[in-house]
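These notes concern the structure reproduced below.
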Amino acid sequence: IIWKDFVCGIVVLHRLVLVLRRKDCSFDDRLLSSAIAKHKQELKSLEDKLRFAKDVSEANGFLGRETVGSSIFHFWKTLFDEEADKEATKVIRKRILRDLFEPISGKTWDMEIRALPLYSPYVLGKDFAKQELKNEVVRLGVDFSLHVAQLMFLLCDDIRSMLWFCYKLWRVVKRDRNPNSPVVERLLRVIHYVYLKYIKPKNGVYLNDGLSVKLRLAGTTLHYFEFGVPSLDLLVMSLRGEGSFLDGRVRTSMVEEKVKKIEEKLRRGKAVSEANGFRKEAIECTISGLWESLFDKEAKEATQTLKTIKNGILGDLFLPLHNEVAPPPP
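With the first letter of the sequence shown counted as 1, position 49 gets the number 49 in this note's numbering; the numbers rise by one all the way through.
Here it is, written out as structure tokens:
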């Protein structure tokens with residue numbers, strides 16, 4: 001039950017040591033911090049499982065973590081010493097292996113031990129940097145979606161204004177993009193979900209003097225959506241195997257900056273959006289799954305289905321605006 005935890009923990013620790021020893025520039029501080037955090041999770045999982053057998057190990061003579069830890073600490077504190085005698089280390093290792101494992105060599109249980117499966121955790125593995133970028137992209141997609149949802153609640157005192165803003169936002173982020181953009185498509189689905197789930201059932205005023213009181217505040221965020229969403233979309237295409245993602249960390253930092261700018265703008269209307277019913281945690285819980293499927297193979301291949309869904313969504317959201325002469329001012 002704990003074999004996999006041991007193997008994965010040791011493999012990841014070994015990779016961390018190798019990266020730090022050779023000062024590998026392919027893993028930046030953020031990636032290394034993520035790897036260390038995941039390694040700590042492995043250790044915590046292992047510790048939780050060993051706790052069930054604590055009485056047995058202590059009955060067999062285990063003196064406790066603190067006592068044993070103080071005795072073996074000196075083995076580890078020289079881990080990054082460059083002056084260590086490599087030849088002496090090899091001799092010691094051979095002697096230790098002989099003392100430990102010669103007595104069981106060729107025995108039945110030796111065969112059983114050799115048959116235990118080996119694992120290669122993804123942490124710091126070949127695709128680690130790419131997977132971490134994917135996780136970052138998903139998080140940024142969720143952040144953009146939450147900001148869109150908050151804007152909709154901010155403007156829902158005049159539903160016509162809200163729909164016009166959503167329409168303008170959609171047009172801005174999809175400009176010159178792939179018509180099947182996975183990022184734009186998901187944002188549209190978030191708009192549709194929030195509208196049908198929270199806004200429409202309230203039977204709010206469709207035309208409340210023609211202008212939401214917070215429309216101008218909402219308009220100040222469009223610039224950041226216009227540049228942030230397409231950048232995120234380009235990164236998704238690269239991570240889906242349609243280009244290079246070597247500058248991925250730079251791109252995510254740029255997108256994150258746009259997300260923070262939107263957040264700063266929306267802070268001024270936070271009380272209004274919350275008074276109108278915006279609940280970040282509840283909406284995040286619902287829309288996270290939409291973004292977690294961003295890199296699923298099935299999601300890539302369902303283009304025709306998504307096109308049909310999109311056409312229905314556009315009709316639900318924007319048909320009421322279709323015959324109007326002009327939108328409200330930005």
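The beta-carbon is built from N, C-alpha and C at its ideal position, and this holds for glycine as well.
For clarity, every value in this text was computed on a predicted model and none was experimentally measured.
Chain-order list of residues whose beta-carbon lies under 7 angstroms from that of residue i (same chain, five-residue window excluded)
i: L188; result: W170, K310 and I313
i: S161; result: L155, L211, S212, L215 and P328
i: L264; result: Just to set this straight, residue 264 is Glu in the shown sequence, not Leu. Excluding sequence neighbours, E264 sits near nothing in its chain.
i: K280; result: L146
i: G269; result: L154, K214 and L217
i: V172; result: L222, F225 and E226
Spatially closest choice to residue i from the options, by CA coordinates
i: Q131; options: E257, E284, R240 and A271; result: R240
i: P201; options: N178, E263, N276 and T286; result: N276
i: K174; options: E102, P320, F101 and L234; result: L234
i: L319; options: H192, A37, M254 and F80; result: H192
i: L181; options: E136, I283, D157 and V236; result: Per the sequence shown, residue 181 should be read as Ser rather than Leu. The residue with the shortest Cα to Cα distance from S181 is V236.
i: A282; options: Y198, K260 and G269; result: Y198
i: F165; options: G219, L133 and D143; result: G219
i: D81; options: R22, G315 and D157; result: R22
i: F128; options: G315, M254, K260 and V12; result: V12
i: E284; options: V194, H14 and V184; result: V194
i: F278; options: K168, A59 and D157; result: D157
i: V250; options: K4, R30 and I10; result: R30
Close beta carbons around residue i, own chain, < 8 angstroms, minus the five adjacent residues each side
i: K258; result: Y224, F225, F227, G228 and S231
i: R186; result: G141, S145, L290, W291 and L294
i: L16; result: L32, A35, I36, H39 and L124
i: L97; result: none
Helix, strand or coil at residue i [DSSP, three-state]
i: D48; result: helix
i: F225; result: helix
i: D55; result: helix
i: V255; result: helix
i: L13; result: helix
i: D233; result: helix
i: L211; result: coil
i: F144; result: helix
i: V123; result: coil
i: P320; result: helix
i: S70; result: helix
i: T78; result: coil
Sequence-distant residues of its chain with Cβ nearer than 6 angstroms to residue i (five each side left out)
i: S273; result: Q150, F153 and L154
i: S145; result: V190 and I287
i: K335; result: Any property of residue 335 remains undetermined from this structure, which presents the chain solely from 1 to 330.
Integer Cβ distance of residue i from residue j, believed to fall under 8 angstroms
i: L317; j: L163; result: 6 angstroms
i: H147; j: I262; result: 5 angstroms
i: F6; j: L46; result: 7 angstroms
i: V138; j: T252; result: Incorrect: roughly 11 angstroms between the Cβ atoms, too far for contact.
Any C-beta of chain C under 8 angstroms from that of residue i
i: L79; result: The question asks about chain C, but that chain is absent: this structure has only one protein chain.
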